[in-house]
Amino acid sequence: MKLPILTALTAALLSTTALADEIWVTNEKDDTISVIDVETLDVIRTIETGERPRGITFSKDFSVVYICASDSDAVQVMDPNTGEILHDLPSGEDPEQFVLHPDNRHLYIANEDDAITTVVDTETRTVVAQIDVGIEPEGMAVSPDGKIAITTSETTNMAHWIDTETQQLFANTLVDSRPRHAEFIKEGTELWVSAEIGGTISVFDVATQTEKTKIDFELPNIHPDRVQPVGFEFTTGDRHAFVALGPSNHVAVVNAETYEVEEYILVGRRVWHMDFNRDRTLLFTTNGVSGDVTVIDVASRKAIKSIKVGRFPWGAAFRPTD
Amino acid sequence: MSGLGHALIAMRAIVTREALRFVHQRERFIAALVRPLVWLLVFAAGFRAALGLSITPPYQTYITYETYIVPGLCGMILLFNGMQSSLSLVYDREMGSMRLLLTAPLSRAWLLFSKLLGSTIISIFQVYAFLLVAWLFDITLPPLGYVAALPALVLAGLMLGALGLALSSFIKQLENFAGVMNFVIFPMFFLSSALYPLWKMAESSELLHDICAANPFTHAVELIRFALYVDFNGTALVWTGLATLVFMGFAVWGYDPARGMMTRKG
């Protein structure tokens with residue numbers, strides 16, 4: 001009688017130790033990925049990548065991970081279990097950020113040096129389309145229904161709206177200086193675009209492509225020039241946004257209903273991008289200059305730990321391991 | 323009644339007297355609370371962005387300056403209270419109530435320890451009142467830290483109280499207390515890790531860093547800091563414990579009518 005219980009307990013113990021979820025962080029200057037165990041909050045693996053890894057995203061089934069190796073001019077496809085690079089995708093020059101279409105097949109890649117957005121079919125490994133956009137494209141987003149893709153261009157200061165059926169631009173909207181990141185929320189009815197130099201987030205109504213409101217950030221004792229919104233992510237139900245404010249070393253918590261900033265949380269230096277754990281109770285922010293990842297407890301809105309990773313951590317992506 | 327019974331009655335009487343004195347001096351309590359709060363809410367506000375560049379134990383992540391100085395301000399309360407207690411002893415001596423106390427048929431060390439314990443309990447009460455106000459201003463610590471800090475606060479309180487006792491045996495008159503402020507409290511507070519971490523001190527001067535590292539108040543503050551974050555600092559514990567014994571030794575010697583400073587004062 002005791003044996004089956006013991007076996008079950010052992011199996012449960014083994015499975016929990018083996019199944020701790022992970023956060024994958026690209027280290028821009030080290031050409032590596034640091035893998036953080038979400039339970040222990042320690043780096044458990046370091047994986048070599050191509051040169052200057054920045055954007056990182058997993059396929060929908062988490063069977064492969066895509067990495068923008070910017071200085072290798074490639075999007076690398078890696079087996080997350082072995083860390084082996086399976087193959088490169090044709091990405092155009094200097095890929096920085098990308099987004100995977102809900103069809104789990106097409107990657108929309110911003111090519112910073114060429115002012116184009118490249119659409120790659122990950123199955124046939126071919127370029128499906130190249131769309132001319134503004135100068136220095138960076139931020140990428142696809143609507144949840146997959147019909148609209150967004151590229152933001154840093155120098156043109158625009159959000160470019162792409163029809164994913166025709167792969168043609170159908171609208172361009174001005175945003176503040178140096179737009180860095182874009183996200184669709186509220187079932188694709190709202191688009192948020194952060195502007196690094198402008199220090200704002202513009203909120204658009206997707207149906208009309210018009211600006212609904214603009215969110216400003218103001219930190220006491222910190223010069224406004226240092227308040228540079230970059231990456232942001234939303235809590236469960238799109239209720240709150242956590243916004244990385246670059247060299248101000250803070251993450252802002254914005255109420256996504258009232259568009260008011262509710263809190264600023266101190267993190268490491270030059271906070272850039274972020275991702276949540278599975279149930280969105282913990283947030284992991286990449287802090288480029290201090291070379292660490294700060295873990296924020298979402299409920300209490302407090303930084304609980306900063307974990308040393310490689311040099312200049314840039315992107316972050318969650319990986320469940322079950 | 324046994325000797326132990328007598329000793330405990332005496333201790334209770336002395337502690338109660340300290341408590342009564344404290345309760346009757348409401349201004350003293352307010353002053354003791356306002357002093358660290360001014361540092362926390364006014365002084366620290368200007369330095370909000372000054373820290374947060376390096377993570378040192380016991381901190382796990384970047385902290386604001388307000389968070390950093392909380393343990394130092396707990397130490398400040400204990401330090402000022404230790405001195406306040408020393409001041410009250412000088413006053414007792416002038417008023418003659420000390421003669422009454424010291425003629426009790428108990429060991430002088432025991433009487434002094436009772437006095438020390440009384441003032442430490444009062445100090446710790448004020449520290450927790452300060453932590454409560456800090457918490458209301460959203461400067462929070464791990465919940466367990468509030469409990470874990472208690473033994474550290476007791477030891478630090480005893481050390482600084484013993485220092486006050488030792489000093490009081492050397493002070494002839496109340497007027498000389500200003501000198502104690504200038505030559506003991508201020509250097510002890512500013513040349514410690516209460517306001518700036520030691521690595522920050524080392525950036526400006528190695529000598530300054532070494533002086534701060536040798537200051538027993540630094541170790542008392544670090545002991546409290548680690549305990550508040552449910553961490554343990556063995557070095558700080560050893561130094562604070564040693565300093566307590568040394569200061570207590572000086573106090574007992576200073577109050578010994580045969581050998582100490584009391585004889586010279588007649």
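Residue numbers (the working numbering), protein chains in the order written: chain A, 1 to 322; chain B, 323 to 588.
From the three backbone atoms N, C-alpha and C, an ideal C-beta is built for every residue, glycine too.
Sorting A:His101, A:Gly134, A:His250, A:Ile185 by C-alpha distance to the C-alpha of Ala149 of chain A places A:His101 at the top. One thing to note: Thr562 of chain B has its Cβ no nearer than 8 Å to the Cβ of Leu550 of chain B. Distance from the CA of Leu362 of chain B to the CA of His531 of chain B, rounded to the nearest whole angstrom, comes to 23 Å. Counting only the Cα atoms, Thr152 of chain A lies some 18 Å from Ala207 of chain A. Distance from Glu96 of chain A to Gly55 of chain A at the Cβ level is roughly 6 Å; contact confirmed, criterion being Cβ atoms closer than 8 Å. Per DSSP, reduced to three states, the secondary structure at Arg339 of chain B is helical. The Cβ atoms of Asp132 of chain A and Ala115 of chain A lie closer than 8 Å to each other. When C-beta atoms of the segment 485-494 of chain B are compared with those of the segment 464-471 of chain B, fewer than three pairs fall below 8 Å, so the two segments do not count as touching. Counted as a single uninterrupted DSSP element, the stretch harbouring Ile56 of chain A is not any alpha helix (DSSP H) but the beta strand (DSSP E) occupying residues 53-58.
Distance from the Cα of Ala299 of chain A is smallest, within the candidate group A:Leu191, A:Thr286, A:Ala241, for A:Ala241. Taking C-beta atoms under 8 Å as the contact rule, Ala484 of chain B and Phe569 of chain B qualify, at a distance of about 4 Å. Under the 10 Å beta carbon count, Ile352 of chain B is surrounded by fewer than 16 other beta carbons and is classified as exposed.
Just measuring C-alpha positions, the residue of B:Gly394, B:Met405, B:Ala565, B:Glu349 sitting nearest Asn504 of chain B is B:Met405. Contacts between Gly291 of chain A and chain B, judged by CB atoms closer than 8 Å, are missing: the closest CB pair is about 11 Å apart. Listed in chain order, the positions of the segment 550-570 of chain B with a beta carbon within less than 7 Å of a beta carbon of chain A would be empty, since no residue qualifies. Considered as a whole, the segment 425-476 of chain B harbours 430-458 as its complete alpha helix (DSSP H) runs of no fewer than 4 residues, in chain order. Non-local C-beta neighbours of Ala182 of chain A in its own chain, meaning closer than 6 Å and more than five positions away in sequence, comprise Gly139, Ala141, Ile150, Thr152, Val193, ordered along the chain.
Taking a 10 Å sphere around the C-beta of Ile331 of chain B, we find fewer than 16 other C-beta atoms and assign the residue as exposed.
The three-state secondary structure of Val360 of chain B, taken from DSSP, is helix. Counting C-beta atoms within 10 angstroms of its own C-beta, Phe554 of chain B has fewer than 16 neighbours from the protein chains shown and is therefore classed as exposed. Residues of the segment 262-275 of chain A that bring their beta carbon within less than 7 Å of a beta carbon in chain B comprise Leu266, Val267, Gly268, in sequence order.
Of the candidates A:Leu169, A:Ala316, A:Asp238, A:Thr286, A:Leu169 places its Cα closest to the Cα of Thr118 of chain A. Around the Cβ of Leu434 of chain B, a 10 Å sphere holds 16 or more other Cβ atoms; the residue is buried. As a beta-bridge residue in DSSP terms, Asn255 of chain A pairs with A:His240.
Annotation for Ala456 of chain B: Leu362, Val392 place their beta carbon closer than 7 Å to its own, counting only its chain and skipping 5 residues before and after. Here Val552 of chain B is not near Ala500 of chain B, since their CB atoms are 8 Å or more apart. For Gly501 of chain B, the secondary structure class from DSSP, reduced to helix, strand or coil, is helix.
For the C-beta of Ile461 of chain B, not a single chain A residue is nearer than 8 Å; the gap to the nearest is close to 11 Å.
Closer than 8 Å to the CB of Ala303 of chain A there is at least one CB belonging to chain B. Boundaries of the alpha helix (DSSP H) around Phe511 of chain B: 508-512. When Cβ-Cβ separations below 8 Å define contact, Tyr384 of chain B makes contact with chain A. When the beta-carbon positions are compared, Val64 of chain A and Asp79 of chain A come within less than 8 Å of each other.
The beta-carbon separation of Val203 of chain A and Ile215 of chain A, rounded to 7 Å, stays under the 8 Å limit for a contact. At least 8 Å separates the CB of Ile391 of chain B from every CB of chain A. Counting along the chain, no beta strand (DSSP E) covers Phe572 of chain B; the unbroken alpha helix (DSSP H) around it starts and ends at 556-576. Proximity of Thr235 of chain A to chain B, defined by a Cβ-Cβ separation below 8 Å, is not satisfied.
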